[in-house]
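There are 2 protein chains.
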Amino acid sequence: MPTGQPIGEREREILTAIVETFIATGDPVGSRTLARSNREGLSPATIRNVMADLADAGFLEQPHASAGRVPSTEAYRYYVEQLTGQASLSRQDEGMIQESLHGVSDVQEFMERTSHVLSLVSHNVGITVAIGGPKNALEHVYFSRLGDQKVLAVVVTRSGLVRDRVLRLDLPQNDLDAAAHFINDNFRGWTMEAMRSELARRLEQERSVYDRLMASVEQLYRQGALAADETAQVVFVEGAANLVTSEQDQKRLQELLQTLEEKQKIVELLGAYLDAKQEAVRVVIGLDEALPSMRNFVLIGAPARVGDDVMGSLAVIGPTRIDYQHTMTAVSYIARLFDKMLNESE
Amino acid sequence: MPTGQPIGEREREILTAIVETFIATGDPVGSRTLARSNREGLSPATIRNVMADLADAGFLEQPHASAGRVPSTEAYRYYVEQLTGQASLSRQDEGMIQESLHGVSDVQEFMERTSHVLSLVSHNVGITVAIGGPKNALEHVYFSRLGDQKVLAVVVTRSGLVRDRVLRLDLPQNDLDAAAHFINDNFRGWTMEAMRSELARRLEQERSVYDRLMASVEQLYRQGALAADETAQVVFVEGAANLVTSEQDQKRLQELLQTLEEKQKIVELLGAYLDAKQEAVRVVIGLDEALPSMRNFVLIGAPARVGDDVMGSLAVIGPTRIDYQHTMTAVSYIARLFDKMLNESE
DNA sequence: ATTAGCATTCTTGAGACCAGAGTGCTAATG
DNA sequence: CATTAGCACTCTGGTCTCAAGAATGCTAAT
Numbered sequence: 435m436p437t438g439q440p441i442g443e444r445e446r447e448i449l450t451a452i453v454e455t456f457i458a459t460g461d462p463v464g465s466r467t468l469a470r471s472n473r474e475g476l477s478p479a480t481i482r483n484v485m486a487d488l489a490d491a492g493f494l495e496q497p498h499a500s501a502g503r504v505p506s507t508e509a510y511r512y513y514v515e516q517l518t519g520q521a522s523l524s525r526q527d528e529g530m531i532q533e534s535l536h537g538v539s540d541v542q543e544f545m546e547r548t549s550h551v552l553s554l555v556s557h558n559v560g561i562t563v564a565i566g567g568p569k570n571a572l573e574h575v576y577f578s579r580l581g582d583q584k585v586l587a588v589v590v591t592r593s594g595l596v597r598d599r600v601l602r603l604d605l606p607q608n609d610l611d612a613a614a615h616f617i618n619d620n621f622r623g624w625t626m627e628a629m630r631s632e633l634a635r636r637l638e639q640e641r642s643v644y645d646r647l648m649a650s651v652e653q654l655y656r657q658g659a660l661a662a663d664e665t666a667q668v669v670f671v672e673g674a675a676n677l678v679t680s681e682q683d684q685k686r687l688q689e690l691l692q693t694l695e696e697k698q699k700i701v702e703l704l705g706a707y708l709d710a711k712q713e714a715v716r717v718v719i720g721l722d723e724a725l726p727s728m729r730n731f732v733l734i735g736a737p738a739r740v741g742d743d744v745m746g747s748l749a750v751i752g753p754t755r756i757d758y759q760h761t762m763t764a765v766s767y768i769a770r771l772f773d774k775m776l777n778e779s780e
Numbered sequence: 435m436p437t438g439q440p441i442g443e444r445e446r447e448i449l450t451a452i453v454e455t456f457i458a459t460g461d462p463v464g465s466r467t468l469a470r471s472n473r474e475g476l477s478p479a480t481i482r483n484v485m486a487d488l489a490d491a492g493f494l495e496q497p498h499a500s501a502g503r504v505p506s507t508e509a510y511r512y513y514v515e516q517l518t519g520q521a522s523l524s525r526q527d528e529g530m531i532q533e534s535l536h537g538v539s540d541v542q543e544f545m546e547r548t549s550h551v552l553s554l555v556s557h558n559v560g561i562t563v564a565i566g567g568p569k570n571a572l573e574h575v576y577f578s579r580l581g582d583q584k585v586l587a588v589v590v591t592r593s594g595l596v597r598d599r600v601l602r603l604d605l606p607q608n609d610l611d612a613a614a615h616f617i618n619d620n621f622r623g624w625t626m627e628a629m630r631s632e633l634a635r636r637l638e639q640e641r642s643v644y645d646r647l648m649a650s651v652e653q654l655y656r657q658g659a660l661a662a663d664e665t666a667q668v669v670f671v672e673g674a675a676n677l678v679t680s681e682q683d684q685k686r687l688q689e690l691l692q693t694l695e696e697k698q699k700i701v702e703l704l705g706a707y708l709d710a711k712q713e714a715v716r717v718v719i720g721l722d723e724a725l726p727s728m729r730n731f732v733l734i735g736a737p738a739r740v741g742d743d744v745m746g747s748l749a750v751i752g753p754t755r756i757d758y759q760h761t762m763t764a765v766s767y768i769a770r771l772f773d774k775m776l777n778e779s780e
């Protein structure tokens, strides 16, 4: 818990220097090293004093009595906050991104590739989540009898997300067509959420009226054909191999990988921290509050939007020792690209 | 390279004992340990002699001069071969499998869950591949205009596999409907392969006749709307966390994880080794021939079929030190279940 | 307000050393 | 003749010690 007054100029400079060299080297940083790299010739002793203050304020920690200092969670937060945000991607990175994403017009494919390219440029784990969620507007639905007892339901959202689901249901194709027609005519453009509740209401009230048609609709509804709920979310996680670094111990690494495989948790994580309203890149330090296995990991993400619609989110997960500046610019670059590419093609 | 005459009874027994205790413990096994666990009271010295023979024959290796012996690739092959195949799953495993797969009628969902349950029961990596490939019969296609320049193509195969693809194309919905009708009427039940070549032929010849209709079809065809090719394959890989064990070194682990993320390679791997014709479980020892990063790993897999149609394959990938008997029964059990569940529901 | 100096603390790597496990060989044994 | 006992030898792995190096905190000097 940080105490004391904010931080003076010199403190600020030293703190960011510590954070930066720690990120670069991974070793606890001591006063001597710092004195050498510091452009104003401050002596180690002076720096020690400042460091002691910073430690008291909760920005630095000591692995053990006579080691250097390591930035605390607070320190990273502070560091990120005072980052100018002025930076551009290297030619290479930009090229790689452009190339991987070139010519994609399909939201889902875009997301899939994005998670990959994110992992490449960040050298960490790239994640994208496509929200199939309630906020998406319905474009239309389509039902098709498959076999004896099976019906295929395809739901297309306005944003081009496609969900299919096989139901156990025995209805003649005629009835299916009628039901699809009914839904498309009445609900095109509605959010899934609104549609579902309105549909529920009508089924309740007008049961008698439409009769056969409504019976079919009801069956489809009950079977979840129209549920664009959590289970419909699509998650891409790539670059797990990047987590294998010497500083992870066995157990932690294992837990980490396990967590990354639990898509549901990942969705919740991004959902919890990436606010749809906020425009820019967001950095969340201290993921262990949500996911214990993610101690010492951070999330750098942004909502993926096309115009004003939020289609999902994209993010990088990496150790606190990540290159914040670089990752942030990369994420933001890709987020903008997402908007641009999918917007113009509509 | 194995030399010498096959193997006598005693050799056989000792070899399997070595393989088994090595699988159990992970340590090189020495004559003393073996003598203790061997039910016929053979002395260490005798065993040493036999072991020397086995080593000459290429079945055993020595990490260093005065360590115990470790089974060679050949030894595993031999071991697996002489496995009786008589074994049944534990109540727990069976229960877990049943539960995870209960009530699923959708091929793809089945596969997704299967890869998960495979990783659970085997404590290794579970993999399933759904072949979207050319052999699948077409049930029907469906095109829908999305936005300005986009068309959604949905292809359903007889087996219930669904593929959707967004194309950049500007055709009115009428034309799309006509094209879909045309294809459905003419090609339902054809294999994708056959359909594509026949379609190509017709487009070539009868260009003039159908005119507008055929023009639409051609455009769709060119855009790959009907391509159920490799890219359409769906791969599920789960349980990567199980690879994190003490005996892996950093680098290898990293490569391994990387390889597992390259779905294309995984598809090829399964494709290469899992022969659609063969009925039963197959064990492939020595994966490094195909994928160098998979040195010391084995594949235990089976084709996933429904009736006579091969829908894909399911497999476990694990270290040579895997519990062969258990994994084999698990894989075979699930493969049978797959057939049974999807067959009856049709 | 800085800095120099110094005693102190703690980590890390290199050797040294020993116990344990295993081998191969030879000679003895039923 | 197939087994086995005995033995010298080899290699690994853990523990210990030791010294070097890096930081620290404090006090005194500038």
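These protein sequence lines are chains P and D, in that order.
The first sequence begins at 435 in the numbering used here and counts up one residue at a time.
The second sequence begins at 435 in the numbering used here and counts up one residue at a time.
C-beta atoms are modelled at their ideal positions from N, C-alpha and C, and glycine is treated no differently.
(request) Could you spell out the range, first to last residue, of the beta strand (DSSP E) harbouring P:Val-453? (result) Note, P:Val-453: premise wrong, no beta strand (DSSP E); alpha helix (DSSP H) at 443-459.
(message) Quick check on the DSSP output: the alpha helix (DSSP H) that includes D:Glu-687 runs from which residue to which?
(response) Reading off the sequence shown, one finds Leu at residue 687 of chain D, where the question assumed Glu. First-last of the alpha helix (DSSP H) with D:Leu-687: 684-695.
(message) Please tell me whether P:Asp-709 has its Cβ less than 7 angstroms away from any Cβ of chain D.
(response) no
(message) Assuming D:Ile-531 and D:Phe-670 are in contact, meaning their beta carbons sit under 8 angstroms apart, how far apart are those beta carbons, in whole angstroms?
(response) Not quite, the Cβ-Cβ distance comes to about 16 angstroms (not below 8 angstroms), so this is no contact.
(request) Leaving aside the five residues before and after D:Gly-746 along the sequence, list all residues of the same chain whose C-beta is less than 7 angstroms from its C-beta, in chain order. (result) Take D:Gly-746, set aside five residues on each side of it, and the residues of its chain with a beta-carbon closer than 7 angstroms to its own are Met-545, Thr-562, Val-563, Ala-564, Ile-565 and Ala-738, in chain order.
(request) Kindly say whether P:Ala-571, judged by its beta-carbon, lies nearer than 7 angstroms to any beta-carbon of chain D. (result) no
(message) Quick check on the burial criterion: 16 or more other C-beta atoms within 10 angstroms. Buried or exposed for D:Gly-442?
(response) exposed
(message) With DSSP as the reference, identify every bridge partner of P:Met-597, one or two as the case may be.
(response) A small fix is needed here, since residue 597 of chain P is Arg in this sequence, not Met. The partner list for P:Arg-597 (beta bridge, DSSP) reads P:Val-589.
(request) For D:Asp-611, decide whether its Cβ has a neighbour in chain P, counting only Cβ atoms nearer than 7 angstroms. (result) No, its Cβ sits nowhere closer than 7 angstroms to a Cβ of chain P.
(message) Can you list, in chain order, the residues of its chain with a C-beta nearer than 7 angstroms to that of P:Ala-509? Leave out the 5 residues immediately preceding and following it.
(response) Leu-449, Val-453, Phe-493 and Leu-494
(message) I need the straight-line Cα distance from P:Arg-599 to P:Ala-659, nearest angstrom please.
(response) So the two alpha carbons sit approximately 7 angstroms from each other.
(request) Quick one: grab the DSSP three-state call for D:Ala-706. (result) Here D:Ala-706 sits in helix by DSSP.
(message) 7 angstroms is my cut-off, CB to CB: does P:Asp-598 come that close to chain D?
(response) yes
(message) I want to see whether chain P comes within less than 7 angstroms of D:Ala-797, judged by CB atoms only; does it?
(response) Look at the range of chain D in this structure, 435 to 780, and you will see that residue 797 of chain D is not part of it.
(request) With distances taken Cα to Cα, identify the nearest neighbour of D:Gln-520 among D:Gly-464, D:Met-762, D:Asp-722 and D:Asp-773. (result) D:Met-762
(request) Measure the alpha-carbon distance for D:Ser-549 versus D:Glu-672 and round it to whole angstroms. (result) Going from the Cα of D:Ser-549 to the Cα of D:Glu-672 covers about 6 angstroms.
(request) Measuring only between beta-carbons, confirm whether P:Gly-594 sits less than 7 angstroms from chain D. (result) yes
(request) Determine the chain D residues that contact P:Leu-552 at a beta-carbon separation under 7 angstroms, and present them in chain order. (result) Correct list: empty, because the minimum Cβ distance to chain D is about 13 angstroms.
(message) Which same chain residues end up closer than 8 angstroms to P:Asp-540 when comparing Cβ atoms and leaving out the 5 residues on each side of it in sequence?
(response) Gly-594
(message) For P:Ile-751, list the residues DSSP reports as bridge partners.
(response) P:Val-559 and P:Leu-733
(message) In this structure, how does DSSP classify P:Ala-501 when only helix, strand and coil are distinguished?
(response) coil
(request) Specify the secondary structure class of P:Phe-577 as computed by DSSP and reduced to three states. (result) strand
(message) For the beta strand (DSSP E) containing P:Arg-716, name the first residue and the last one.
(response) 716-719
(message) Please tell me whether, using a cut-off of 6 angstroms, the distance from the CB of D:Val-740 to the nearest non-hydrogen atom of the ligand SAM is below it.
(response) Absence of the ligand SAM from the depicted structure is noted, as is the absence of any ligand whatsoever, leaving it without description.
(message) Taking CB distances under 7 angstroms as the criterion, tell me whether P:Leu-725 reaches chain D.
(response) no
(message) What residue range does the beta strand (DSSP E) around D:Glu-640 cover?
(response) Counting along the chain, D:Glu-640 falls outside any beta strand (DSSP E), and DSSP gives it neither H nor E.
(message) Helix, strand or coil for D:Val-765? Go by DSSP, reduced to three states.
(response) helix
(request) Tell me, please, whether the CB atom of D:Val-590 is closer than 7 angstroms to any CB atom in chain P? (result) yes
(message) Quick check on the DSSP output: the beta strand (DSSP E) that includes D:Pro-670 runs from which residue to which?
(response) Checking the sequence, you will find Phe at residue 670 of chain D rather than Pro. From DSSP, the beta strand (DSSP E) with D:Phe-670 extends over 668-672.
(message) Let's see if you can read the secondary structure: which residues bound the alpha helix (DSSP H) around P:Thr-507?
(response) 507-515
(request) Check D:Val-744 in the structure and name its three-state DSSP category. (result) Looking at D:Val-744 - three-state DSSP - the assignment turns out to be strand.
(request) Please state if the CB of D:Val-585 and the CB of D:Arg-579 are separated by a distance shorter than 7 angstroms. (result) yes
(message) Quick check: is the beta carbon of P:Leu-580 nearer than 7 angstroms to any beta carbon in chain D?
(response) yes
(message) Considering only the alpha carbon of each residue, which of D:Gln-496, D:Gly-752, D:Ala-486 and D:Leu-748 lies closest to D:Val-678?
(response) D:Gly-752
(message) At the 7 angstroms Cβ level, is P:Val-678 part of the contact set with chain D, yes or no?
(response) yes
(request) Report yes if the CB atom of P:Thr-693 is closer than 7 angstroms to the CB atom of P:Leu-725, and no otherwise. (result) Yes, these two residues count as a Cβ contact at 7 angstroms.
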